[in-house]
Each structure stands twice: as structure tokens, then as C-alpha cells.
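Taking it in order: structure first as C-alpha cells, then the write-up.
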Amino acid sequence: MREKAVELASHASDLEKKKEACAKKKAEISKLCEELDKLQKSERELKEKIDRLKTELEKLQKQRDELGRAIGEIPLLTSQIDEKNREISSLKSEEESLTKELKEKIQPAIDELSKIKRPTPKSEDELDKELDELRKRREELIKEEASVRSKISDYESIEKKGICPTCDRTADPNEFREKIERKKNEREKLVNAIRDCEGKISGVEKIQKLLREYNQAQVHLESLNKQLIKTTEQIDKIRTRIETLRAQVEEANKRLEKAKKELEELSKLSVHLDAIKKELDRAQNDYSKIGKEVMSRQATLKILEEEVSEIEAEIELKEKERRMAEKLKEYQIWLEEFFAPTLDTIEKHVMLSINQEFNQHLQKWWSMLIDDASKELRVDEDFTPIVEQDGYELDINYLSGGEKTSLALAYRLALNSIVQKVSIGMKSNLLILDEPTDGFSKEQLFKVREILNEIKCPQVIMVSHEKELESFADQIFKVEKKDGVSQLKEV
Numbered sequence: 000m001r002e003k004a005v006e007l008a009s010h011a012s013d014l015e016k017k018k019e020a021c022a023k024k025k026a027e028i029s030k031l032c033e034e035l036d037k038l039q040k041s042e043r044e045l046k047e048k049i050d051r052l053k054t055e056l057e058k059l060q061k062q063r064d065e066l067g068r069a070i071g072e073i074p075l076l077t078s079q080i081d082e083k084n085r086e087i088s089s090l091k092s093e094e095e096s097l098t099k100e101l102k103e104k105i106q107p108a109i110d111e112l113s114k115i116k117r118p119t120p121k122s123e124d125e126l127d128k129e130l131d132e133l134r135k136r137r138e139e140l141i142k143e144e145a146s147v148r149s150k151i152s153d154y155e156s157i158e159k160k161g162i163c164p165t166c167d168r169t170a171d172p173n174e175f176r177e178k179i180e181r182k183k184n185e186r187e188k189l190v191n192a193i194r195d196c197e198g199k200i201s202g203v204e205k206i207q208k209l210l211r212e213y214n215q216a217q218v219h220l221e222s223l224n225k226q227l228i229k230t231t232e233q234i235d236k237i238r239t240r241i242e243t244l245r246a247q248v249e250e251a252n253k254r255l256e257k258a259k260k261e262l263e264e265l266s267k268l269s270v271h272l273d274a275i276k277k278e279l280d281r282a283q284n285d286y287s288k289i290g291k292e293v294m295s296r297q298a299t300l301k302i303l304e305e306e307v308s309e310i311e312a313e314i315e316l317k318e319k320e321r322r323m324a325e326k327l328k329e330y331q332i333w334l335e336e337f338f339a340p341t342l343d344t345i346e347k348h349v350m351l352s353i354n355q356e357f358n359q360h361l362q363k364w365w366s367m368l369i370d371d372a373s374k375e376l377r378v379d380e381d382f383t384p385i386v387e388q389d390g391y392e393l394d395i396n397y398l399s400g401g402e403k404t405s406l407a408l409a410y411r412l413a414l415n416s417i418v419q420k421v422s423i424g425m426k427s428n429l430l431i432l433d434e435p436t437d438g439f440s441k442e443q444l445f446k447v448r449e450i451l452n453e454i455k456c457p458q459v460i461m462v463s464h465e466k467e468l469e470s471f472a473d474q475i476f477k478v479e480k481k482d483g484v485s486q487l488k489e490v
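Structure follows, in C-alpha cells:
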């Protein structure tokens with residue numbers, strides 16, 4: 000510490016020279032900042048002038064471009080006006096043609112077809128069904144008339160011959176004359192029914208033909224109505240387009256007149272534009288020169304500021320080293336004259352207190368494990384175990400195996416109690432004992448259980464071959480060695 004204090008004082012020896020150099024550099028920076036402020040003020044004024052001239056120039060150029068575009072629109076506008084007028088003329092011709100077709104062809108045809116009336120409220124399917132029924136009825140009547148005619152022929156044959164062709168018996172002609180008359184009346188009714196049926200068939204067929212013609216007329220009428228709507232829409236679109244084109248022509252004519260006026264303004268604008276450009280060039284040259292001077296001054300200023308920063312950092316370090324040297328001298332005096340003697344005293348008192356408490360725990364566990372009251376156990380100031388019997392110290396090597404194990408267990412438990420109390424970083428809820436009861440009698444083994452209950456350690460792991468210990472273990476694991484490999488099994 001003494002050498003470090005001397006070294007720090009040596010480093011801080013040129014502190015005043017460094018402060019003088021720093022003050023000189025700061026004076027140079029102050030002078031340079033004044034010059035730089037003046038230059039930057041002139042630079043800002045020129046920048047404002049340049050911005051103002053650029054704004055004015057952009058405005059004039061924009062006006063010139065707009066005028067140029069307007070002048071360039073003159074031939075385009077003229078062409079557009081001519082083209083739109085031609086389109087208007089073409090659309091008018093198309094409109095007249097469609098209107099003529101509508102009045103002379105489509106509308107008259109619609110009027111003519113609208114006059115055709117529906118011949119029947121029945122549908123074609125209903126008429127087909129009715130016609131099928133009439134034809135079936137006619138067939139039935141024809142078959143029935145043929146059957147009656149055959150009967151008449153049979154009866155007339157019997158009347159002439161007087162013999163029944165079926166049973167070859169003699170028949171009464173008068174009886175068959177009456178039957179013939181009845182059958183003829185029946186046949187006449189059937190013939191009249193057939194004629195009536197055929198008349199109805201003819202009537203239905205005629206209505207069918209008229210209904211087909213009506214339906215065809217309706218299809219044609221629907222088509223003509225669609226054509227009418229389409230043609231009307233076309234005419235409306237053409238008229239709308241003509242109105243749009245006329246409005247566009249009117250707008251184009253206005254723009255054309257405006258462009259012609261702007262052409263006259265363009266020549267006046269060019270003279271003003273040239274004067275602004277020359278003034279802007281002069282201002283930009285002056286701005287560039289001042290900018291270079293400002294950059295030069297700023298570079299010099301940056302170097303000086305960096306040098307000042309380095310010197311100030313050295314000054315700060317040297318002041319810190321000087322203060323540290325002074326503190327180290329104070330620490331050295333305090334450590335040598337006050338701290339070291341006090342620490343020795345504290346250590347002796349602490350170790351004495353720990354030794355006394357250790358002896359209390361050690362004697363407690365020893366007395367529980369050993370029934371012989373003539374033998375006492377304690378530790379000296381170096382924590383070396385000492386056994387006394389009747390006031391005489393015994394060599395530990397002369398103790399029995401059980402006594403040696405009891406001493407080792409009591410020492411281990413006492414040490415665990417002290418470490419748990421004193422040490423902050425070594426606190427643990429686990430106690431591991433390896434063969435702690437070697438050579439113990441059965442009475443001592445049961446006393447171990449009392450000791451473990453009394454120390455109240457949350458978790459104790461004990462390695463032992465004693466079967467008696469299994470009775471007060473919560474969990475038992477056995478280690479078996481197979482083929483040179485140890486295996487752990489829960490019992």
C-alpha cells in the first residue's frame with residue numbers, strides 16, 4: 000500500500016503544468032469560436048438569400064414550364080377539336096339511322112304482332128292431351144261400329160238362310176229382322192258419334208295450329224321488344240356522347256384561347272428569369288467560399304477540443320491519483336495503528352466463544368453415547384480433541400473401537416452445529432454420515448436415533464452395515480456389486 004501511494008503521488012507531480020496547458024488551449028478555442036460565429040452568421044445570411052432566390056427561380060421556372068406546356072397544347076387542342084367534331088357528325092348520322100329503323104321497321108312489326116290474340120286459354124300440352132283422348136275415343140267408336148256391322152252381317156245371313164251358323168239349328172227370320180233393325184240403329188248412332196269425334200279432332204288441331212302461330216308471334220314480339228330497348232338505349236348513349244363531346248369541344252376552345260394569351264406572356268418572363276439566375280450564381284459562389292472557411296475553422300476547433308478533452312482526462316486522472324495517494328496514506332496509518340490490533344482482539348474473542356459452544360455440543364453428544372462418567376471429552380484452543388479420565392489425559396489410540404467411533408460422531412455433529420450457525424454461505428439441510436456406528440453396541444445404536452431426532456436435521460443420509468439402523472430409517476437403499484458395477488436399489 001505504501002509503494003502504491005508513492006507511485007500515485009509520482010504520477011500526479013505534473014498536475015499544475017497540465018492545468019496551465021489546458022487553460023491556454025481553452026483560450027484558443029474561445030477566440031476561434033468568436034471567428035466561427037461571425038463566419039456562420041454570414042453563411043446563414045447567404046443561405047437565406049440563396050433559398051429565397053431558389054424559391055423565386057423555381058416559381059418562375061414553374062410558370063415558364065406551365066406556359067410552355069400550354070403553348071405546346073395549341074396543336075393538340077386544335078387536333079382534338081377537329082377529331083371530336085368529326086365524331087359528333089358520325090354519331091348524328093348513326094342516331095338518324097337507328098331512329099329511322101325504329102320508326103319504320105321495329106315499332107310497326109311490334110304493333111302488328113300485338114294484335115294477334117290467344118286462340119285458347121289452354122296450353123299446348125293440354126291440347127295434346129285432349130287430342131289424344133279424342134283420337135282414342137274415335138278408335139274405340141270405330142272398333143265398336145265394326146263389331147256392330149259384323150253382327151248385322153251375321154244376322155242378315157241367318158235371316159236369309161234361316162239357320163244359325165254357330166249351332167246349325169233353324170232360326171226365326173222375323174226375330175232376326177228386329178235384331179238387325181236394332182243393330183242398324185245402334186250403328187247409325189256410332190257413325191254419328193265417330194263423325195262428331197272427328198269434328199272435334201279437327202277443331203282441336205285447328206286451335207293447336209293457331210296456338211303455335213300465337214306462341215311464335217309472342218317469341219318474335221319478345222325479340223322485337225328487346226331490339227326496341229337495345230336500339231333506344233343505343234340512341235340514348237349516342238345522344239349522351241354527343242352532349243359530352245360538345246362540352247369537351249367547348250372546354251378545348253376555352254383552353255385554346257387561354258394558351259394563345261399565355262404565349263404572349265412567355266417572352267416577358269424569360270428576361271426576368273435570366274437576371275435571377277445570375278444573382279443566384281454569385282450568391283452560391285460566395286456561400287461556397289465561406290463554407291470552406293467554416294469547415295477549416297471547425298476542423299481546427301475539433302482538434303483543439305480533442306486535445307483539451309485529453310488534457311482534462313489526464314488532469315482528472317492525476318487529481319484522482321493524488322486523492323487516492325492521500326487516502327492510501329490515511330488507510331496505511333489506520334491499518335497499522337488501529338485496525339490490525341483490533342482485528343487480533345476480535346478474532347481471539349470470537350474463537351473463544353466458538354470453542355466454548357463447540358465444547359458444549361461435543362460433551363453433550365459424548366455423554367449421550369458413552370455411559371462411562373469417568374471419561375470426559377473436550378477440545379483445546381486449536382480444536383484438538385482431548386479425553387480425560389479421573390483428571391488424567393488419555394491417549395486417543397488407547398480408546399476402544401466404539402469409543403473412537405463415538406468421539407468421531409460427536410465431533411462431526413458438534414462441527415455441523417457450529418458451521419450451520421456461523422457460516423452464511425454453507426447452510427444446508429443435509430447431513431451425510433459414512434459408517435458412523437462402527438463398533439457400537441445395540442444400546443448405542445438406539446441412542447444414535449435419539450441424537451438424530453434431537454439435532455432436527457431435515458435430511459440425513461447414513462451409509463452403514465448395521466441392520467438395527469433400518470428400523471428408524473424412512474427410506475432404505477441397498478448397494479450391490481455385479482460384474483464390477485455398483486447398482487443402487489430401493490428396499
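Be aware that the sequence shown starts at 0, since it is given in numbering that gives the first Met the number 0, and climbs by one per residue. Cβ atoms here follow ideal geometry from the backbone N, Cα and C, with glycine treated the same way.
{"query": "Whole angstroms is fine: what's the gap from residue 408's alpha carbon to residue 326's?", "result": "51 Å"}
{"query": "Alpha carbon to alpha carbon, how far is residue 491 from residue 183?", "result": "Nothing can be reported for residue 491: it is not among the residues displayed for the chain, which extend from 0 to 490."}
{"query": "Does DSSP classify residue 474 as helix, strand or coil?", "result": "coil"}
{"query": "Whole angstroms are fine: how far does the CA of residue 413 sit from the CA of residue 391?", "result": "23 Å"}
{"query": "Please go through the same chain and pick out, in chain order, the residues whose beta-carbon is closer than 8 Å to the beta-carbon of residue 113, but skip the five residues on each side of it.", "result": "220"}
{"query": "Give the straight-line distance between the Cα atoms of residue 32 and residue 303, rounded to the nearest whole angstrom.", "result": "11 Å"}
{"query": "If you measure between the beta carbons of residue 454 and residue 430, is that distance less than 9 Å?", "result": "yes"}
{"query": "According to DSSP, is residue 272 helix, strand or coil?", "result": "helix"}
{"query": "So, with DSSP's three-state summary, where would you put residue 74?", "result": "helix"}
{"query": "Rounding to the nearest angstrom, what Cα-Cα distance links residue 7 and residue 313 in this structure?", "result": "Legend: pLDDT at residue 7 = 48, less than 50; position of this residue unreliable, value from coordinates given subsequently. Their backbone Cα atoms lie some 13 Å apart in a straight line."}
{"query": "To the nearest angstrom, how far is it from the Cα of residue 82 to the Cα of residue 76?", "result": "10 Å"}
{"query": "Determine the direct distance from the alpha carbon of residue 271 to that of residue 36, and round the result to whole angstroms.", "result": "35 Å"}
{"query": "Using CA coordinates, which residue listed in 378, 418, 27, 439 is at the minimum distance from residue 401?", "result": "439"}
{"query": "Go to residue 488, then tell me how far its beta strand (DSSP E) extends in each direction, as first and last residue.", "result": "484–489"}
{"query": "Would you call residue 282 buried or exposed, if buried means 16 or more other Cβ atoms sit within 10 Å of its Cβ?", "result": "buried"}
{"query": "Helix, strand or coil: how does DSSP classify residue 153 here?", "result": "helix"}
{"query": "Let me confirm a value: residue 179 is counted as buried when at least 16 other C-beta atoms fall within 10 Å, else exposed. Which label applies?", "result": "buried"}
{"query": "For residue 83, which of helix, strand or coil comes out of DSSP?", "result": "helix"}
{"query": "Have a look at the DSSP bridge pairing and note the partners of residue 458.", "result": "429"}
{"query": "Report, in whole angstroms, the separation of the C-beta atoms of residue 130 and residue 204, which I expect to be a contact under 8 Å.", "result": "7 Å"}
{"query": "In the DSSP output, what is residue 384 paired with across the bridge?", "result": "378"}
{"query": "Please classify residue 146: is it buried, with 16 or more other beta-carbons within 10 angstroms of its beta-carbon, or exposed?", "result": "exposed"}
{"query": "Can you tell me whether residue 116 is helix, strand or coil according to DSSP?", "result": "coil"}
{"query": "Ends of the beta strand (DSSP E) at residue 410?", "result": "Note, residue 410: premise wrong, no beta strand (DSSP E); alpha helix (DSSP H) at 400–421."}
{"query": "Could you give the distance in angstroms between the alpha-carbon of residue 445 and the alpha-carbon of residue 351?", "result": "34 Å"}
{"query": "Closer than 6 Å by C-beta to residue 241: which residues in its own chain qualify, once you throw out the five before and the five after it? Chain order, please.", "result": "87, 90"}
{"query": "Ignore the nearest five residues each way along the sequence and tell me which others in residue 248's own chain have a CB closer than 6 Å to its CB.", "result": "80, 83"}
{"query": "Taking the beta strand (DSSP E) that residue 397 falls in, what are its first and last residues?", "result": "Residue 397 -> no beta strand (DSSP E), and no H or E assigned at all."}
{"query": "Could you tell me whether the Cβ atoms of residue 388 and residue 403 are closer together than 9 Å?", "result": "no"}
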